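Per this note's numbering, the sequence shown starts with residue 81, numbered consecutively. We treat Cβ as the ideally placed atom computed from N, Cα and C, and that holds for glycine. All values reported here derive from a predicted model rather than from experimental measurement. Take a look at the structure below.
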Amino acid sequence: MLAAIDRLGALVTEIAGLPIDEIVEPQATLAHTALRRAQDALGLISARFLGRIEADGRWATTPMGRGARDFEEYVAKESRGTRSGAKRQTRLARTVTDDAVPGLAQALTDGGVSLEHADVLTRLGPTTPARREALISPDPALNAGHLLDKARELGVDEFAKEVKRWAAKVDPTADEKGHRTATERVTCTMATRDDGVALNAFMTAVDGAAFDAALTAVAGVPSVDDPRSHAQRMGAALGDMARLVLDHGLAAGRSGGFRPHLTVQVSLESLVAQVNALADTTRPERGARGAAAYPVIPAGWDAALLADGTPIPASVLARLACDAEVSRVVFGPDSQVLDVGRSERLYTGAMRRAVIARDRHCAYPNCERPPKFGEIHHVRHWAAHGGETSVENGILLCWHHHAQVHSRYLIIRRDHARARWEFLERDGTPIRHLGSGPDAEPKGDPPSGSCDHGGTPPAPDTLFGAA
Ligand SMILES: [Zn+2]
Ligand SMILES: [Zn+2]
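Have a look at this one:
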């Protein structure tokens with residue numbers, strides 16, 4: 081018997097020595113399919129050996145077995161694999177040994193069912209007495225033969241849903257219990273890292289579906305030139321979802337739930353110095369064209385702090401201060417508060433509505449995010465250059481592009497002839513309006529009003545012309 085396995089090893093060596101690089105289609109596909117079937121059949125055979133090892137029991141007396149909590153852990157150690165992989169193999173071994181899914185071994189051997197399908201079936205099939213009963217029953221609508229037929233015709237993901245439906249039908253009480261267990265297991269923890277926050281969460285299948293739908297809706301459709309990956313857009317959408325709830329007071333407590341959601345403390349001198357440095361386009365650090373070049377932020381100022389004392393970088397401070405309610409607190413020598421004042425730097429009421437009516441959606445080229453996903457940016461920052469909170473100085477930006485404008489230090493100005501906003505990189509490169517709409521530009525034709533590439537960037541004074 082073991083000689084046969086030796087011969088298999090020799091055969092594998094022979095196959096590996098074939099001139100695979102020279103094999104053309106359709107032979108490559110045929111070979112690939114045949115080898116996958118062989119792998120599935122071999123997976124079953126090794127699972128049966130694993131079943132023998134467990135039944136024999138001597139594994140527990142080996143040094144590795146004595147150090148393992150259970151058979152799965154022993155298998156993982158022995159094969160230097162993962163616990164989840166060992167669990168998968170052990171599950172298949174037990175299912176086949178007990179013949180809990182009659183016909184499974186044969187289906188794997190004759191290639192009708194893959195190991196992946198078998199894994200779904202062993203994981204979701206014989207999970208409760210009622211389901212084990214159904215699998216071996218003669219009822220052709222509920223037994224193992226029925227599920228194996230489905231495995232032969234469906235892809236793995238569809239098959240998993242089919243088995244879940246079957247499980248719910250056969251033993252709905254277990255699903256009820258499963259849901260309760262899942263409900264008890266729900267969790268969400270936020271771990272603060274040096275550079276951000278890491279989330280770890282678990283939720284019920286139903287909540288997961290709602291969460292997925294909401295996140296997808298908030299993420300929206302990416303614009304044609306959005307360079308972010310799907311995962312990056314979903315990550316940003318998490319923050320947007322939080323802002324959406326807070327901005328609209330959807331989870332309002334007694335305080336009404338409106339701003340401020342975030343409190344930032346900074347000295348006026350530090351704020352002005354940082355915002356000034358960001359807007360100073362006369363001395364950008366050298367960087368690749370189009371890439372963000374970092375301005376020189378003067379050292380020595382106390383950083384702005386979140387309520388928990390976390391310092392925030394200058395560009396984030398500028399963005400947060402952009403559409404914010406600002407309180408002035410004057411401290412005396414012993415930190416006693418001498419004076420408190422408030423000034424409106426927040427676009428509210430008629431002014432906000434006027435900006436939204438004019439811009440309609442995010443004004444960044446090629447972005448059409450609706451107003452509820454954004455805020456109003458001061459084209460000339462109020463903390464420097466005397467930018468006022470006025471309709472002329474306000475521009476509607478989605479949260480993502482508002483962050484981009486500040487973190488890439490973009491230059492914005494009004495193109496009065498075309499009645500639209502123009503965006504320029506810090507080095508003066510215009511950001512193009514793509515697509516086929518009325519805003520589109522022919523390629524290779526710089527938009528009117530742009531400065532020449534590589535020339536002197538526009539001085540801050542030219543950032544905005546009053547309408
Ligand atoms: Zn802003
Ligand atoms: Zn946008």
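Burial state of residue i (16 or more Cβ within 10 Å)
i: residue 506; result: buried
i: residue 492; result: buried
i: residue 309; result: exposed
i: residue 473; result: buried
i: residue 475; result: buried
i: residue 456; result: buried
i: residue 395; result: buried
i: residue 126; result: exposed
i: residue 206; result: buried
i: residue 363; result: Here residue 363 scores only 47 on pLDDT, less than 50, and its place in the model should not be relied on; the value that follows carries that caveat. Residue 363 should be labelled exposed.
i: residue 152; result: buried
i: residue 345; result: exposed
i: residue 85; result: exposed
i: residue 536; result: For residue 536, the predicted model reports a pLDDT of 34, less than 50, meaning its position is unreliable; a value from the coordinates is still stated below. Answer is exposed; the Cβ neighbour count stays below 16.
i: residue 95; result: exposed
i: residue 486; result: buried
i: residue 170; result: buried
i: residue 163; result: exposed
i: residue 148; result: buried
i: residue 318; result: exposed
i: residue 116; result: exposed
i: residue 461; result: buried
i: residue 100; result: exposed
i: residue 129; result: exposed
i: residue 104; result: exposed
i: residue 454; result: buried
Distance between residue j and residue i (C-alpha atoms, nearest Å)
i: residue 191; j: residue 231; result: 11 Å
i: residue 188; j: residue 209; result: 24 Å
i: residue 168; j: residue 159; result: 13 Å
i: residue 97; j: residue 90; result: 11 Å
i: residue 88; j: residue 108; result: 21 Å
i: residue 134; j: residue 300; result: 52 Å
i: residue 233; j: residue 243; result: 13 Å
i: residue 216; j: residue 139; result: 31 Å
i: residue 141; j: residue 132; result: 15 Å
i: residue 284; j: residue 263; result: 6 Å
i: residue 229; j: residue 328; result: 51 Å
i: residue 397; j: residue 509; result: 25 Å
i: residue 249; j: residue 258; result: 14 Å
i: residue 469; j: residue 261; result: 53 Å
i: residue 106; j: residue 93; result: 23 Å
i: residue 303; j: residue 112; result: 39 Å
i: residue 387; j: residue 272; result: 15 Å
i: residue 156; j: residue 355; result: 56 Å
i: residue 436; j: residue 451; result: 7 Å
i: residue 218; j: residue 253; result: 22 Å
i: residue 471; j: residue 431; result: 6 Å
i: residue 511; j: residue 499; result: 16 Å
i: residue 305; j: residue 439; result: 20 Å
Proximal residues to residue i (C-beta, below 6 Å), its chain only, five neighbours per side dropped
i: residue 165; result: none
i: residue 349; result: none
i: residue 251; result: 208, 210 and 211
i: residue 268; result: 281
i: residue 277; result: 270
i: residue 177; result: 131
i: residue 402; result: 457 and 458
i: residue 490; result: 503
Sequence-distant residues of the same chain with beta carbon closer than 7 Å to residue i, five excluded per side
i: residue 620; result: Residue 620 lies beyond the stretch modelled for the chain, which goes from 81 to 547, so this question has no answer here.
i: residue 481; result: 442, 444 and 447
i: residue 378; result: 353 and 357
i: residue 175; result: 181, 184, 202 and 206
i: residue 200; result: 236, 239, 240 and 243
i: residue 321; result: 294, 295 and 298
i: residue 226; result: 220
i: residue 145; result: 139 and 154
Contact belief for residue i with residue j at Cβ below 8 Å, rounded distance in angstroms
i: residue 406; j: residue 418; result: 17 Å between Cβ atoms; not a contact.
i: residue 185; j: residue 124; result: 6 Å
i: residue 483; j: residue 351; result: Rounded, the Cβ-Cβ distance is 18 Å, inconsistent with contact.
i: residue 404; j: residue 433; result: The Cβ separation is near 19 Å, so there is no contact.
i: residue 323; j: residue 501; result: The Cβ separation is near 22 Å, so there is no contact.
Own chain, CB closer than 8 Å to residue i, minus 5 neighbours either side, in chain order
i: residue 412; result: 418
i: residue 420; result: 407, 408, 409 and 410
i: residue 382; result: 346, 347 and 350
C-beta neighbour in chain D for residue i, strict 8 Å
i: residue 275; result: Of the chains in the structure shown, none is chain D; there is only one protein chain.
*Which runs of the alpha helix (DSSP H) fall wholly inside the segment 145-196 and span at least 4 residues, in chain order?*
151-158, 163-178 and 184-189
*Beta carbon shell of ligand 3 at less than 5 Å from a heavy atom*: Looking for ligand 3 in the displayed structure turns up nothing; the ligands present are ligand 1 and ligand 2.
*Length at least 3, wholly inside the segment 386-451: the beta strand (DSSP E) runs in chain order*: 404-411 and 417-425
*What are the uninterrupted segments assigned as beta strand (DSSP E) that are 3 or more residues long and contained completely in the segment 264-343, given in chain order?*
267-273 and 276-282
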